[in-house]
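Under the working numbering, the first residue of the sequence shown is numbered 5, with each subsequent residue one higher.
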Amino acid sequence: MAKNNITRLARAKINLDLLITGRREDGYHLLDSLVVFADIGDQISVRPSDKLSLNISGPFAPALSGEQDNIILRAARGLRDKFNIQQAAEIDLVKNLPVSSGIGGGSADAAAVMMALMALWQLSDKETELNDLALSLGADVPVCLASKTMQMSGVGEILRPVTINFPMFLLLVNPGVSLSTAEIFKTRAKREVDFSQSRTLPDTITNLTELTDIIGESGNDLEYDACAARPEIRKLLAHIKQVDDCIFTGMSGSGATCFGIFPAYGAAKAAANDIFRHFPHWWACPVQVR
C-alpha cells in the first residue's frame, strides 16, 4: 500500500424496520428505525494530491458514471470548508454495493470518506464535530458515521446505541432495480396514510426471538409503496421467505434490497446459492452484522 494511503470500509447499512412517525413543516419526514451494519461494503481510499478528485471502480461503478456531483465529493468539500483545510486528496471508491438500493451505499461512502480524510488531514480529534455536516448530506449519513447498531430517529440526527447481544446473520438480496427514496416518500404521502407511533427499544436485545418480535411488529412503512413501484420486491421477499432456515424477511430502507435473517452464516450462504440458481442476475450476499 502506498505511503499515506488511508482506507476505510463503507459498511452496508440495513434498516431492520422503518417507521414514518411524522413530517416537519420543511417537508422532511421523521423516522424511527433499528439500524445495523454488515461486514461488507464499498471501499474508500484517500491519499494526498494537489487537487480533489474521485476515481470509481468495482462491479457497480457503471451505475455512477453519469453523476456530475457525487455525494463523496460533496462530503470532501464540506469537510475542507468546515475545518478550513488547504490540502486536497485523490479519492478511490471501489463500488461493491448496488446503487440506490436502500442499504446506504452513498451515505456510507460519504461517512467513510469523511473519516478517511479526517485521518489523512490529522483531524481525528474533531470527529465529534461532524454531525451537522453529515446530516446536511443526507438522513442516513450520521448513522453511517457511527457504523454500529443504533435506533435512529428524528430526521436521522437522533442516534441511540442498541446492543444486539448475539451473533446475527443475514442474506442481502437486490433484484437489480433501483428506487428513488424521494419518490417513494412522495407516493406514500399521496396516499395520506396515518403516521406510525415512535417506540422505545430496549438497551439490549438478548436473543433472536426478541428481535424478530420487535421488527415483526413494526415492519417497514415504505414497503407497500416500494413493492407497488417495483413488483420484483414482492417476488424477492416471497422467495427469501420460503428458503430453508429463513427466520424473518424484510426490506431495508426504501428498497429495493431485502434481507432474510438466518440462524448461522452457512445457512445464509446456502440461501444465497439458492438465489443464484433461481435468479442468476440478482445480487445476493450473506453477511454478519455488527
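For glycine and all other residues, C-beta sits at the position ideal for the given N, C-alpha and C.
Any idea what DSSP makes of residue i, helix, strand or coil?
i      : result
ALA143 : coil
LEU163 : strand
SER200 : coil
VAL291 : strand
ALA6   : Any reading at ALA6 must be qualified, since the residue scores a pLDDT of 46, below 50, and its modelled position is unreliable; no value is offered.
VAL177 : strand
ILE218 : helix
VAL98  : strand
MET154 : strand
THR208 : strand
SER128 : helix
HIS285 : coil
Which residue's Cα is closest to the Cα of residue i: the options?
i      : options                        : result
PRO150 : ALA112, ILE168, THR185         : Pro is not the amino acid found at residue 150; the sequence shown has Ala there. Per the Cα distances, ALA112.
ALA242 : LYS152, PHE263, ASP225, SER222 : PHE263
THR208 : PHE170, ILE188, GLN201, ALA233 : PHE170
GLY142 : THR11, GLY110, MET118          : GLY110
ARG28  : VAL291, ALA271, ALA276, PHE199 : PHE199
LEU183 : ILE44, ALA79, PRO102, GLU94    : PRO102
TRP287 : LEU58, VAL181, ASP229          : VAL181
SER49  : ASN19, PRO66, GLY31, ALA14     : ALA14
ASP249 : PRO66, GLY270, LEU38           : GLY270
LYS245 : PRO63, LEU121, ASN19, VAL177   : VAL177
ALA193 : ASP225, LEU215, ILE251         : ASP225
GLY220 : GLY106, LEU38, THR191          : LEU38
ASP217 : LYS17, THR11, ARG12, ASP21     : ASP21
ALA120 : ILE18, ASP144, LEU77           : LEU77
Quick check on the DSSP output: the beta strand (DSSP E) that includes residue i runs from which residue to which?
i      : result
ARG15  : 10-19
THR253 : 252-255
ILE24  : 23-27
SER111 : Here SER111 belongs to no beta strand (DSSP E); instead the alpha helix (DSSP H) covers 109-124.
PHE189 : Per DSSP, PHE189 belongs to no beta strand (DSSP E); it is in the alpha helix (DSSP H), 185-194.
GLY106 : Note, GLY106: premise wrong, no beta strand (DSSP E); not H, not E.
LEU68  : Segment: none, LEU68 is in no beta strand (DSSP E) and carries neither H nor E.
PHE266 : 262-266
LEU58  : 57-61
Between residue i and the rest of its own chain, which residues show a CB-CB distance below 8 Å, the 5 nearest in sequence each way excluded?
i      : result
ALA6   : At ALA6 the pLDDT is 46, less than 50, meaning the model places this residue with poor confidence; the figure from the coordinates comes in the next sentence. If we look at ALA6 and ignore the five residues flanking it on each side, its Cβ neighbours are ARG51.
SER61  : ASP96, LEU97, VAL98, LYS99
ILE75  : GLY110, SER111, ASP113, ALA114, LEU141, GLY142
ASP43  : ARG15, VAL291, GLN292, VAL293, ARG294
ASN8   : ARG51, PRO52, LEU124
ASN59  : GLU94, ILE95, ASP96, LEU97
ALA232 : THR191
Excluding the five sequence neighbours on either side, which residues of its own chain have a C-beta within less than 6 Å of the C-beta of residue i, listed in chain order?
i      : result
ASP36  : LEU23, THR25, SER157, SER202
SER222 : ASP21, LEU23
GLY259 : GLY106, LEU183, ALA230, ILE237
ASN108 : Contrary to the premise, residue 108 reads as Gly rather than Asn in this sequence. Counting only Cβ-Cβ distances below 6 Å, and skipping sequence neighbours, we find LYS17, ASP144, CYS148.
From which residue to which residue does the alpha helix (DSSP H) around residue i run?
i      : result
SER37  : Taken as a continuous stretch (DSSP letters only), SER37 belongs to no alpha helix (DSSP H), being part of the beta strand (DSSP E) at 33-53.
ILE75  : 75-87
ASP278 : 269-282
GLU236 : 236-246
ASP229 : 227-233
Short of 7 Å in beta carbon distance, which residues of its chain neighbour residue i, apart from the five on each side in sequence? Order them along the chain.
i      : result
LEU163 : PRO146, VAL147, ALA150, MET154, MET156
LEU134 : MET118, LEU149
LEU240 : VAL177, PRO179, CYS262
Exposed or buried, what is residue i when buried is set at 16 or more other beta-carbons lying within 10 Å of its beta-carbon?
i      : result
GLY254 : buried
PHE280 : exposed
SER105 : buried
LYS17  : buried
State yes or no: is the beta carbon of residue i nearer than 8 Å to at least one beta carbon in chain C?
i      : result
LEU175 : Chain labels in this structure do not include chain C; a single protein chain is all it has.
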